[in-house]
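Protein sequences, first through last, are from chains A and B.
For the first sequence, numbering that gives the first Met the number 0 gives the first residue as 0, with consecutive numbering after it.
For the second sequence, numbering that gives the first Met the number 0 gives the first residue as 0, with consecutive numbering after it.
Taking it in order: structure first as structure tokens, then the write-up.
Protein chains: 2
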Amino acid sequence: MLKPRPISGFPEWTPAQKLAEQYLLDTARYVYELYGYTPVETAAIERVEVLAAKGVVDKEIYTLGRLRQEAAAEQDWEYALHFDLTVPLARYVAQNYGSLHFPFKRYQIQKVWRGERPQEGRFREFYQADIDVLAENELPLHFDAEMPAVIAEVFSRLGLEFKIRVNHRQVLLGAYTALGVEGKDQELALREVDKLDKVGRAKVAEALAGLGLATGVIDKCLDLAQIQGRAPQVVKAIEELGLAEPRLQQGLEELCFVDAELAHLPQDSLVIDLGIVRGLDYYTGTIYETILPRHPELGSVCSGGRYEDLTGQFINRKLPGVGISIGVSRLVSHLFSSGTWDPQRHCPTEVLVILPSEEARGDCGTVAQRLRRAGIATEVFPKPINLKKQVRYADRKGIPRVLFPHKFKPEEDTVEVKTLATGEQVTVSLAQWLEQQSLAGAPPKIY
Amino acid sequence: MLKPRPISGFPEWTPAQKLAEQYLLDTARYVYELYGYTPVETAAIERVEVLAAKGVVDKEIYTLGRLRQEAAAEQDWEYALHFDLTVPLARYVAQNYGSLHFPFKRYQIQKVWRGERPQEGRFREFYQADIDVLAENELPLHFDAEMPAVIAEVFSRLGLEFKIRVNHRQVLLGAYTALGVEGKDQELALREVDKLDKVGRAKVAEALAGLGLATGVIDKCLDLAQIQGRAPQVVKAIEELGLAEPRLQQGLEELCFVDAELAHLPQDSLVIDLGIVRGLDYYTGTIYETILPRHPELGSVCSGGRYEDLTGQFINRKLPGVGISIGVSRLVSHLFSSGTWDPQRHCPTEVLVILPSEEARGDCGTVAQRLRRAGIATEVFPKPINLKKQVRYADRKGIPRVLFPHKFKPEEDTVEVKTLATGEQVTVSLAQWLEQQSLAGAPPKIY
């Protein structure tokens, strides 16, 4: 006997939790499609040379082998599990360039794998739910504003309070140039400033001093990182710091444009925040992070940005893009562990048809098929045991309603329907009840 | 520059094909949920000892390694990608036994991986869409009849002609016992008989003779394998062969029960076929295969059966089950390559809002949001280029309708909607048009 054990870093949910995760994935997908994003799915596996094309060769990549190594083709070790959906997107777009229509708006909801150390409490297998738009030569700035609009709609539909923080790489780089921090020092300094939320101003100042920055410069770097608000306040605060530089100016105008385009979002759900950095080398313009104000410890649950040259390693075309990604597994895991989501439905079944006797099975099957044809997920209890036990089964599984067909006569079409949460019980013609359900509209699938 | 190339055996679809695959996956999931199956998702990775618990250690399993081998924990090589969803189900049920409610009806739609030789034209990464029911101690036979009912509904909704072939392991084993073929020879003989469709009667007879079977026995084995029909014909044909044995009798009764329960299915969609074998050691009762009569070369696209002891390696409980699995990737790949499905929609967008000028962008955005609130997937063309070019973009992407807001006046609410397939163009109040769409019901998402 082999006792099965969980594998650290590879989360699995109970059926109730999986229904809740599925609800989140479905909501993201629904909204993505509403905005015209089309599904793409890439293989879980990429050539190592593709994953490494950006120079990102590190210990986090899982490669493939074969159990019977003598049977393994040499090339197996050239394959590895993808660690995000962005590199695969770049490869896919380059590979299928001739058959894609630009601007190419795609969503991709898949698992990715990273060989993280389990003790860091990070997942080694997790879902990402990404959208990206790629255009030829030039990508209108309106798409930079579409990203927060889409994400806001996803989180609103999920009933989660959120705040999208927007910044611009050129504002940061331009400001550092204006401060005399140049070249490689810019990225090194930004990497330290990125820790501001976690370690505080004093520690970051110390680290910046270690890079050789003067005290006055350090203060301005830190003051800059603490600027946040809507566009007018941010413009004013930068002016007060006395910073001016062409790239800074250009980035700031783009930020103001995005801010204006998103005027319809609830005031608290969007903020320009010069403290976010997204230190990935491929971001070149607008950058995003999303926090849940009630769960600050979670950090960003949805991040992204604009990139001018994602596909440059694979194709000789200018294909600028902008994208954003929800880190689904970490988010739902936290919603479960914090008790924010405590799903009680263990199955999608909406109605359990009670089986009063073996003789009634034919009628029960007929009733169940009528419910299903009306789009109502239905189970028939499998054995004619004590009715209370059948109802208890529904109750324990979180099935909202039970239907007693024991008064069912085909000529009268009468059934009893009991709503378990309220105890309300009605005797009704099945045809009438089905019509009522249909008029009420499909219930939202919130488990 | 790194030219991206496909990886043999790891299929990827164009956006139009992916939409079609997604439609198939959604249809399966919708029907599975209608019958009360709940989603389960297991990690892509299992311990090798779990995958090998049934003794199935073969070259088909992909193990994990690390790119930087010095950083790899020893245990990485103990993990491998799952090769089906059945072993993971057994492990999941044993691991979560205490928190599951039985009968446990679950569906699982995930990718699996097998290290097949690419030259065989088989996929090394593919989707399976499974349902299984597991019960404690005893599983009512009605679930054996539910499998074909569910699968019939999936294929009917997909508009694919299908035929479900049902057999019973005990009928085969009992009949072979009655013929004096005993012990290990039963499986060896069945393995040869399983090739009947492919290689023909003469070749199989030769192989059976090689196993030492007498000519009269061989003839009866082959006659048995060629029996097919609904229950009465099959019972009669077995009687005519003069075969009688307790297990054969029991199996036959169960087959007749399943056949009777499925009387509501179209006559041609179900057949008892004593020629199917499903030589996997864990099937013990009813077995299923599904063929598409218009695509006989495809073989079975959906197979399964009943098993008495799937979880025996992991838990000391009696948990009989029955399940069935659609081989999604092979099926859709064939539908594409045979031209049966030739998807022309490249995105889920239902309406493209034309952008007549930069000044109209605000109105266009407002119109788009109203469409989305009505559940209509909508894009706004990103740049105010020539209108014909905008319409051509919609046409090439397969977007069914374009909406011209250039006559839009907020007080009149007037828009023009053009249906590209027919050329029909209407000038209508947006509010009215949205109400019409809503009354017409959501269009089926067949891409």
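Glycine included, each C-beta is placed from N, C-alpha and C at the ideal position.
Please read these numbers as outputs of a predicted model, since none were measured by experiment.
Checklist entry - What's the call for M146/A, buried or exposed, on a 16-neighbour Cβ count within 10 Å? => result One-based indexing of the first sequence puts residue 146/A at position 147. Looking at its Cβ environment, which holds 16 or more other Cβ atoms inside 10 Å, M146/A is buried.
Checklist entry - Where are the alpha helix (DSSP H) runs, 4 residues long or more, that stay fully inside the segment 176-214 of chain A, in chain order? => result 183-192, 195-198, 200-209
Checklist entry - So which residues on chain B does H141/A lean against when the C-beta distance must stay under 7 Å? => result Here residue 141/A corresponds to residue number 142 of the first sequence, with the count starting at 1. Those within 7 Å of H141/A in chain B are P381.
Item to check | Residues near A420/A by beta carbon distance below 7 Å, same chain, minus five either side | outcome: By one-based count along the first sequence, residue 420/A stands at place 421. So the qualifying residues of the chain are P399.
Next on the checklist: Residues of chain B with CB closer than 9 Å to the CB of A43/A, please, in chain order.
Outcome noted: Your numbering for residue 43/A matches position 44 in the first sequence. Within 9 Å Cβ-Cβ: F9, A43, L80, K110, W112, E124.
Item to check | Nearest to R371/B (by Cα), restricted to the options S437/B, R116/B, R293/B | outcome: Taking the second sequence and counting its residues from 1, the one referred to as residue 371/B is at position 372. Per the Cα distances, S437/B.
Checklist entry - Does R329/B get closer than 8 Å to chain A when you measure Cβ to Cβ? => result In the second sequence, the residue the question calls residue 329/B occupies position 330. For R329/B, the answer is no, since every Cβ of chain A falls outside 8 Å of its Cβ.
Item to check | Local conformation of C220/A per DSSP, three classes | outcome: Stepping through the first sequence from its first residue, residue 220/A is reached at position 221. Three-state result, C220/A: helix.
Checklist entry - Which value, in whole angstroms, describes the spacing of the CA atoms of L460/A and L223/B? => result Residue 460/A is absent from the model: chain A starts at 0 and stops at 446.
Item to check | Closest by C-alpha distance to L351/A, when choosing among F256/A, G320/A, R395/A | outcome: Residue numbering aside, residue 351/A sits at position 352 when the first sequence is read from its first letter. With distances taken between Cα atoms, L351/A lies closest to R395/A.
Next on the checklist: List, in chain order, every chain B residue whose beta-carbon is nearer than 7 Å to that of E32/A.
Outcome noted: As a first step, residue 32/A is located in the first sequence; it is residue number 33 there, counting from the start. Near E32/A (Cβ distances below 7 Å), the residues of chain B are P347, A376.
Checklist entry - At a CB-CB cut-off below 8 Å, which residues of chain B make contact with L264/A? => result Position 265 of the first sequence holds residue 264/A. By Cβ distance, chain B contributes nothing, its closest Cβ being about 12 Å from L264/A, past 8 Å.
Item to check | alpha helix (DSSP H) segment containing V86/B, residue limits | outcome: For the purposes of this step, residue 86/B is identified with residue 87 of the second sequence, where counting begins at 1. Element bounds for V86/B: 85-94.
Item to check | CB contact check: I6/A to chain B, cutoff 8 Å | outcome: Translated into positions along the first sequence, residue 6/A becomes position 7. By this cut-off, I6/A is an interface position.
Item to check | When V86/B, P383/B, E238/B, G228/B are compared against P355/B, the one with the closest alpha-carbon | outcome: In the second sequence, residue 355/B corresponds to position 356, counting from 1. Here the closest residue by C-alpha is P383/B.
Item to check | Length of the line joining the Cα atoms of S336/B and L330/B | outcome: If you number the second sequence from 1, residue 336/B lands on position 337. If you number the second sequence from 1, residue 330/B lands on position 331. So the two alpha carbons sit approximately 10 Å from each other.
Checklist entry - Quick one: is K219/A buried, meaning 16 or more other Cβ sit within 10 Å of its Cβ, or exposed? => result Here the question's residue 219/A lines up with position 220 in the first sequence. Classification for K219/A: buried.
Checklist entry - Does the Cβ of C346/A lie closer than 7 Å to at least one heavy atom of the ligand PLP? => result The ligand PLP is not part of the structure shown, which contains no ligands of any sort.
Checklist entry - In its own chain, which residues sit with a C-beta less than 7 Å from the C-beta of Q185/B, not counting the 5 before and 5 after it? => result Residue mapping note: residue 185/B aligns to position 186 of the second sequence, counting from 1. Same-chain partners within the cutoff: L172, Y175.
Checklist entry - Count the other CB atoms within 10 Å of the CB of K194/A; is the residue buried (16 or more) or exposed (fewer)? => result For the purposes of this step, residue 194/A is taken as the residue at position 195 of the first sequence. Exposed, by the Cβ-count rule.
Checklist entry - Quick one, which of I290/A, E415/A, L309/A has its alpha-carbon nearest S302/A's? => result Counted from its first residue, the first sequence places residue 302/A at position 303. Here the closest residue by C-alpha is I290/A.
Next on the checklist: Under 8 Å: do the segment 32-42 of chain A and the segment 336-349 of chain B share three or more Cβ pairs, one atom per stretch?
Outcome noted: Yes, they touch.
Item to check | Candidates Q107/B, E135/B, W112/B, I130/B, of which the one nearest E124/B by Cα | outcome: Your numbering for residue 124/B matches position 125 in the second sequence. Closest by alpha carbon: W112/B.
Next on the checklist: Classify H167/A: buried if its beta carbon has 16 or more other beta carbons within 10 angstroms, exposed otherwise.
Outcome noted: Along the first sequence, read from residue 1 onward, the residue named residue 167/A stands at position 168. Of the residues assessed, H167/A falls on the buried side of the cut-off, its CB having 16 or more other CB atoms within 10 angstroms.
Checklist entry - Based on the DSSP output, what are the partners of C301/A in its beta bridges? => result Start at 1 with the first residue of the first sequence, and residue 301/A comes out as number 302. C301/A pairs with I325/A.
Checklist entry - So who's on the other strand from D272/B, going by DSSP bridges? => result Walking along the second sequence from the start, residue 272/B turns up at place 273. Answer is Q227/B.
Checklist entry - For Y287/A, which three-state DSSP category applies? => result Sequence index remark: in the first sequence, residue 287/A carries index 288 (1-based). Residue state, collapsed to three classes: strand.
Checklist entry - Among residues of its own chain, excluding the 5 on either side of L187/A, which ones have a beta-carbon nearer than 6 Å to its beta-carbon? => result The count along the first sequence starts at 1 and reaches residue 187/A at position 188. Counting only Cβ-Cβ distances below 6 Å, and skipping sequence neighbours, we find L210.
Checklist entry - Are the segment 40-50 of chain B and the segment 412-431 of chain B touching, with three or more C-beta to C-beta distances below 8 Å? => result no
Checklist entry - Taking the alpha carbon of F154/A as the point to measure from, which residue in D258/A, I325/A, D131/A has its own alpha carbon closest? => result Counting from one through the first sequence, the residue named residue 154/A turns up at place 155. Answer by Cα proximity: I325/A.
Item to check | V39/A - containing alpha helix (DSSP H), residue span | outcome: Here residue 39/A is taken as the residue at index 40 of the first sequence, counted from 1. Segment: none, V39/A is in no alpha helix (DSSP H) and carries neither H nor E.
Checklist entry - In chain B, which residues lie with their C-beta within 8 Å of the C-beta of L18/A? => result Numbered from 1 along the first sequence, position 19 holds the residue referred to as residue 18/A. Those within 8 Å of L18/A in chain B are T37, P38.
Checklist entry - Based on Cα-Cα distance, which residue from Y31/A, V276/A, N136/A lies nearest to K104/A? => result On the first sequence, position 105 is the one that residue 104/A refers to. Comparing Cα-Cα distances from K104/A to each of Y31/A, V276/A, N136/A, the minimum goes to Y31/A.
Item to check | Residues of the segment 401-430 of chain B with Cβ closer than 7 Å to any Cβ of chain A, in chain order | outcome: none
Checklist entry - Can you tell me where the alpha helix (DSSP H) with G397/A in it begins and where it stops? => result One-based indexing of the first sequence puts residue 397/A at position 398. Note, G397/A: premise wrong, no alpha helix (DSSP H); not H, not E.
Checklist entry - Would Y91/A count as contacting chain B if we go by Cβ distances under 8 Å? => result The residue you call residue 91/A lines up with position 92 of the first sequence. Yes, Y91/A lies at the interface with chain B (some Cβ there is under 8 Å from its Cβ).
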